[in-house]
Amino acid sequence: MAQPPQWKKMYQYVAIRAHDGCARVEESVAAARRVLASPLVLDTRNAAGRYTLLHSAMTHVEHASGCLSGVIFTMVVAELLALHGCGAVPSRPVAGISDLCRDRDDHDEWLALSRLEAAREHAQDALRGVEGAFTLLASVRFLLHSRTPDAAGRRQAMEEQLHAAGVELQAAGRSNRGAIQTGNLCMQCPGSLPRSVSWPPLVKRLQQLEESTAKIKRKKTGGVKKSRRYRPGTVALREIRKYQKGSELLIRKLPFQRLVREIAQVFKIDLRFQSHAVLALQEAAEAYLVGLFEDTNLCAVHAKHVTIMSKDVHLARRIRGERM
1 MAQPPQWKKM YQYVAIRAHD GCARVEESVA AARRVLASPL VLDTRNAAGR
51 YTLLHSAMTH VEHASGCLSG VIFTMVVAEL LALHGCGAVP SRPVAGISDL
101 CRDRDDHDEW LALSRLEAAR EHAQDALRGV EGAFTLLASV RFLLHSRTPD
151 AAGRRQAMEE QLHAAGVELQ AAGRSNRGAI QTGNLCMQCP GSLPRSVSWP
201 PLVKRLQQLE ESTAKIKRKK TGGVKKSRRY RPGTVALREI RKYQKGSELL
251 IRKLPFQRLV REIAQVFKID LRFQSHAVLA LQEAAEAYLV GLFEDTNLCA
301 VHAKHVTIMS KDVHLARRIR GERM
């Protein structure tokens, strides 16, 4: 019996990895939906219980997001391997189902490419749904930990956002199942496919990807590497020179965008921001903070101490005439 070519073995190995990743995504999405279905998520009488439930749901959603990123990566690898089997150049557009010819020798490879393309689109839809659900859950957590979570408007907003997160997760699960069904990623039945393949670079890269996604669910353990200790003031002066040379933003864009959306949900639900609007808000926020710390540093110098303290910040704001 003729052995399949090496590229096909590698393709089958990667396809199984993608299929297993989709299965893990389905488990995480189902677990998050079970947690959100509990009426205790919005129970304001038990602060510890509601925090644990909401944190558990967000952890499941975050794990699903990491797994989906890995699935999309492995699908891209499988597409390149199938293109290699077809003898096609990766930069050329992939043929559609209607372009397939039954009498071609590489019909299976082109069919696999078309299925992979559709499966990757399903996985990307699922990833967008999972990220949308995570944003909504973060907004619910912000409202739930406010001073008056039982207020009528906030209670209704939290219920609507929980419902919207459940809808997003349901759609993500549907897209993930579509990736499994539409993909049918392997060229043979899964039972006859190899569970390992001798291609060290690919195996090593996939193992690194799995380890990075697994870190979301478990805390990093092991020995702590001894860090180098510099003389006092050396690192501070180095960072001052570094930040004075550049003009880029210092706050990461995605966390700041999530914070803006969380705060905006308090005033109006379903607000939408243009990317330039969020960028302008971030520029203004960083300019305000830089100016505030400049004034705070002057207050610290006036008080004849080097380290800025909270009382220096309060004094700088009072001199500016800001409301405390």
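Under the UniProt record's numbering, the residue at position 37 of the sequence shown is numbered 37, and the numbers go up by one with no gaps. Idealized CB from N, CA, C, for every residue including glycine.
*May I ask which residues mark the beginning and end of the alpha helix (DSSP H) holding GLN282?*
As a first step, residue 282 must be located in the sequence shown, where it is residue number 282. Element bounds for GLN282: 275-302.
*DSSP three-state assignment for ALA32, whether helix, strand or coil*: For the purposes of this step, residue 32 is taken as residue 32 along the sequence shown, with counting starting at 1. Correct three-state label for ALA32: helix.
*Drop a sphere of 10 angstroms on the beta-carbon of TYR11, count the other beta-carbons inside from all chains shown, and report buried for 16 or more, exposed for fewer.*
Working through the sequence shown from its first residue, we reach residue 11 at position 11. TYR11 is buried by the Cβ-count criterion.
*Following the continuous alpha helix (DSSP H) through ALA37, name the residue where it begins and the one where it ends.*
Reading the sequence shown from its first residue, position 37 is the one you call residue 37. Taken as a continuous stretch (DSSP letters only), ALA37 belongs to no alpha helix (DSSP H), as it is neither H nor E.
*Local conformation of TYR230 per DSSP, three classes*: Here residue 230 refers to the residue found at position 230 when the sequence shown is read from its first residue. Reduced to three states, the DSSP call for TYR230 is coil.
*In the DSSP assignment, find the unbroken alpha helix (DSSP H) run with residue 325 in it and report its ends.*
Any question about residue 325 goes unanswered here, given that the chain covers just 1 to 324.
*State yes or no: is the C-beta of residue 362 within less than 8 angstroms of the C-beta of ALA264?*
The requested residue 362 is not part of the displayed model; the chain covers only 1 to 324.
*asked:* According to DSSP, simplified to helix, strand and coil, what is HIS145?
replied: For the purposes of this step, residue 145 is taken as residue 145 along the sequence shown, with counting starting at 1. It is coil, neither helix nor strand.
_I need the boundaries of the alpha helix (DSSP H) containing ILE263, first residue and last residue._
Walking along the sequence shown from the start, residue 263 turns up at place 263. Where ILE263 is concerned, the enclosing alpha helix (DSSP H) stretches over 253-267.
*Can you name, in chain order, every residue of its own chain whose Cβ lies under 6 angstroms from the Cβ of SER139, other than the five neighbours on each side?*
On the sequence shown, residue 139 is found 139 positions in, with the first residue counted as 1. Counting only Cβ-Cβ distances below 6 angstroms, and skipping sequence neighbours, we find GLN161, GLU262, GLN265.
*Could you check the C-alpha separation between ALA236 and HIS302 for me, to the nearest Å?*
As a first step, residue 236 must be located in the sequence shown, where it is residue number 236. As a first step, residue 302 must be located in the sequence shown, where it is residue number 302. Computed Cα separation, rounded: 21 angstroms.
*Tell me whether GLU26 is buried or exposed, calling it buried when 16 or more other Cβ atoms sit within 10 Å of its Cβ.*
Counting from 1 along the sequence shown, the entry for residue 26 is found at position 26. So GLU26 ends up on the buried side.
*Beta-carbon contacts of GLY166 that lie in its chain and below 6 angstroms, excluding the five residues immediately before and after*: If you number the sequence shown from 1, residue 166 lands on position 166. Hits under 6 angstroms: LEU36.
*asked:* Since ALA157 and ALA133 should fall inside the 8 angstroms C-beta cutoff, what is the C-beta to C-beta distance between them, to a whole number of angstroms?
replied: Within the sequence shown, residue 157 is the residue found at index 157, counting from 1. Within the sequence shown, residue 133 is the residue found at index 133, counting from 1. Wrong, their Cβ atoms sit about 16 angstroms apart, outside the cutoff.
*Buried versus exposed call for ALA32 [16 or more other C-beta atoms within 10 Å across all chains shown]*: Start at 1 with the first residue of the sequence shown, and residue 32 comes out as number 32. Buried, by the Cβ-count rule.
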